[in-house]
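In the working numbering, the protein residues as written are -13 to 688.
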C-alpha cells in the first residue's frame, strides 16, 4: 500500500491532465463525456464526482479489474515487484476461489499452451509459425503478440488441460472446449492460429482463432472467438489496447482498424497506437475504452465497399462520444496488413499522416459520388450528414461542423442549423419518452415488492447518471450523499411531487421530511468523520470509575460513551459498522483509524472513509490578521462535544417533527387521552431541545 502511487496506477487505464494540485480525466466506471474523475497525489486517492466511485489504489484496482481485495493486492505487488509470501492453500480454500479468478488462470495456461504448440512442435512450426512468416511477420512481432497455434486434433487441449490439473468446468466455461450432447468434448480452436485477447491491464480474457484448413476456403466465417462469459465480452474488448495504451497517450491519437493481423502489421511498421474492433461493429463500450486515453481517433478500414459501409456505421457513435474523428480509406483491395507488405515503414507512416480527412469531407465526397446530381439522393445526403451533426454533444464543435458542411455543400448555413435543431429536438423527445417508460417500469416493479428507494447523490455536469443530457424542462431530483453511506433516504420525491410542493399544491410535508432526513444523516456523518480521521487519538484525560486514576480517553470511546448515555445509536448501518470496528481495533498497537478504513476490504466502507478521511488543507492552514486556526487534531476536546450536541439536537428535532405530525393525524385528534399524552411528551422534549440548543451555541429555540 505504501508503494502504490495512485497516479501511476490510474494512469495505466486513464489519461490524466493537471488540474491545479490534482489531476483529472474521464471516469473509467461510467459513460463520462466531460472529465469528472479526480486524482489527488497528496492524498493518494481518486474519486469520480459523477458516479462516486474511486478510493485508494487498491480499491481502484478492485473496482476496475473486478478483483477481490487479496487479488488487488497481488496485482499491485506484481506491478511494483514486491514479493508476497503465501502459504499453501487448503482444499477448502481452493474450492472457494472465485469463478473469475479460475477462468483467468485457465486462459493464462491456455495462452502459454498455444504458444508452445506453435513454437515447440513439428506441426506447429510447419503450419502455425509458417503462416505468420508467410505473411511477413518478424519473430519479434510474433512473440510480442503472443500468438500461437492449436493442433488439428480432436481433444488435445481438453486432455492437456485436465492433465495440468484444471477443472473441466472452467475449460468449458472459458469456451476453450465444447461438450456435445452425447457427452464427448472437443477443442474449439483446433487447426487454427490463435490471437490472445487481453484486457487493458494485460489479463487474457479470450482468444480469436483463424482457420487454416484449405478445405474451408470460401467460407464466410474464417475467425472464431471465445464465447461470451463472465470475464469476456466481445463488445467491450479492443484487440491490442494493452500494447497500445502508452503509445496512444504519447501521440494523443488512436488508429482503429478491423482485424488482428492489421494491428500486428502496423506495429511492425512502427505504428503502435492502434487497436482493432476484432471484426465487430464498433460499440459504445469500445469507444469509451479509447476515450479514456485520447479524444482523437482515425478510423482505417479496407478500401472496398464493405469497409466504407463499416466506417459509416461507426462515425455517429464516435461523434456522440465527443471524439475528434478522422477517416482514412486505403486503396481499393487493400487492408492495413496487405498495404503494409507493399510499403516501407516510412512510406506507410507518411500515407497515414497525409490521407486523413474529417467525417464531413469523407461523407460528402462519398455520397456525392452516389448522388450524381439526383435531387432525391442529394436530399438523402444532406439528411445523412445532418444526422451525424446532431449527435455531436459539444455546441462549439457542432457549430463549427455546421459551418464547414454549409461551405462544402454550398448551402445556406441556417437551413442546416434548422435541420440539426429539429433532429436534436426529436432525440430529446425520444429520450424523454424512454425515461418515462423506464420510470413506469420501475413503478410497476416497486408495486410488485421488488423496488427500492434511490439514495440521493449529486448530478453530473453533463447530465444524469446514465450520461444522457437532461431533457429540457424536466425535473431532476437533487442528488448528493457522499457522506451518507448505504442508508437510503426515506420516500425519495418524484419530480411531480417536487413541482407540486414548489407551486403550493401539496406535498410540502414530504419535501420537508426528505430534506430533514438528508440533513440528519449529514450531521451523523460528521461524527463518523471524527472516527475515521482521529478514532484512536486521545481526546483528553478522564477519571477511571473503577480505579479513580486518570486515564486517556480516545475519540471513538468518547463517541460510544456519549451515545450509550442516552441509549441511542447511529441510524446508518454503514456508520454503525465503522464505529463497531473502530472500537474493536483502537487498542491494537500501530492501529490508525484513517489507514484502516480507507483500505478496508468492503468497498462501501472504503469509499465513505476516503470521502471523510482527509482534513481539507485549506482549513488547517488559514491565516487571517495574524490569527492561525489550529489543526483539527488539536481541537478535538472542543469539536467533539459540540458535534455530539448537534447530533443529539438533530435527533430531538426529528422526534419533535414526528410527534407534531402524529398529533395532527385524525386518529390522534379524535382520541383526547392519546393527544394529551403526546402533548406532554412534546413539551418535555422541547425542554431537552432548549438545553441542547444552549450547548450548540446558545441558539434561540422558538
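Even glycine gets a Cβ: it sits at the ideal position worked out from N, Cα and C.
Remember, it's a predicted structure, so these values are computed and weren't measured experimentally.
{"Query": "Residue environment, residue -8, which counts as buried when at least 16 other CB atoms sit within 10 Å", "Result": "buried"}
{"Query": "Cβ-based neighbour list, residue 113, same chain, cut-off 7 Å, excluding 5 preceding and 5 following", "Result": "135 and 198"}
{"Query": "Candidates 326, 43 and 388: closest to residue 124 by CA position", "Result": "326"}
{"Query": "Span separating the alpha-carbon of residue 561 from that of residue 576", "Result": "23 Å"}
{"Query": "Beta-carbon spacing of residue 302, residue 374 below 8 Å", "Result": "yes"}
{"Query": "Beta-ladder partner(s) of residue 622, from DSSP", "Result": "Beta-bridge pairing links residue 622 to no other residue."}
{"Query": "Residue 73 burial status per 10 Å Cβ neighbour count (16 or more: buried)", "Result": "exposed"}
{"Query": "Within 8 Å, strictly: CB atoms of residue 66 and residue 150", "Result": "no"}
{"Query": "C-beta contact flag for residue 152 and residue 95 at 8 Å", "Result": "yes"}
{"Query": "Exposed unless 16 or more other CB atoms sit within 10 angstroms - verdict on residue 663", "Result": "exposed"}
{"Query": "DSSP-derived helix/strand/coil call for residue 573", "Result": "coil"}
{"Query": "Span separating the alpha-carbon of residue 194 from that of residue 272", "Result": "17 Å"}
{"Query": "Own chain partners of residue 91 with C-beta closer than 7 Å, once the 5 adjacent residues on each side are dropped", "Result": "none"}
{"Query": "Sub-8 Å separation of residue 555 and residue 569 beta-carbons", "Result": "no"}
{"Query": "Cutoff 8 Å; reference residue 668; Cβ partners in own chain excluding five residues on either side", "Result": "642, 645, 646 and 649"}
{"Query": "Residue 101, enclosing alpha helix (DSSP H) - first and last residue", "Result": "85 to 105"}
{"Query": "Where residue 685 sits in the DSSP three-state scheme", "Result": "Reliability fails at residue 685, whose pLDDT of 40 lies under 50, so the model's placement of it is uncertain and no value is given."}
{"Query": "Strand pairing of residue 25, partner residues [DSSP]", "Result": "9 and 32"}
{"Query": "Same chain, Cβ closer than 7 Å to residue 31, five either side skipped, listed in chain order", "Result": "-8, 40, 41, 42 and 596"}
{"Query": "Limits of the unbroken beta strand (DSSP E) element including residue 178", "Result": "178 to 184"}
{"Query": "Euclidean distance between Cα positions of residue 104 and residue 63", "Result": "32 Å"}
{"Query": "Exposure label - residue 58; buried when at least 16 CB within 10 Å", "Result": "buried"}
{"Query": "Simplified DSSP assignment, three categories, for residue 540", "Result": "strand"}
{"Query": "Collapsed DSSP secondary structure at residue 2 in the structure displayed", "Result": "coil"}
{"Query": "Cα-Cα separation, residue 10 to residue 379", "Result": "20 Å"}
{"Query": "Reference residue 192, options 217, 117 and 154, closest by Cα", "Result": "217"}
{"Query": "DSSP beta-bridge partners of residue 135", "Result": "179"}
{"Query": "Secondary structure, alpha helix (DSSP H): runs of 4+ residues fully inside the stretch 330 to 396", "Result": "331 to 340, 345 to 357, 361 to 376 and 381 to 395"}
{"Query": "Residue 34 classed as buried or exposed, judged by whether at least 16 other C-beta atoms fall within 10 angstroms", "Result": "buried"}
{"Query": "Same chain only: Cβ atoms within 6 Å of residue 24, ignoring 5 sequence neighbours per side", "Result": "8, 10 and 33"}
{"Query": "7 Å Cβ shell around residue 603 - same chain, five flanking residues per side excluded", "Result": "Low confidence applies to residue 603: its pLDDT is 42, below 50, so where it sits in the model is not reliable, and the reading given next is rough at best. None."}
{"Query": "For residue 173: DSSP bridge partner residues", "Result": "163"}
{"Query": "Length of the line joining the Cα atoms of residue 2 and residue 387", "Result": "28 Å"}
{"Query": "Nearest candidate by alpha-carbon position, reference residue 391, set 409, 362, 422 and 351", "Result": "351"}
{"Query": "Coil, strand or helix - residue 407 by DSSP", "Result": "helix"}
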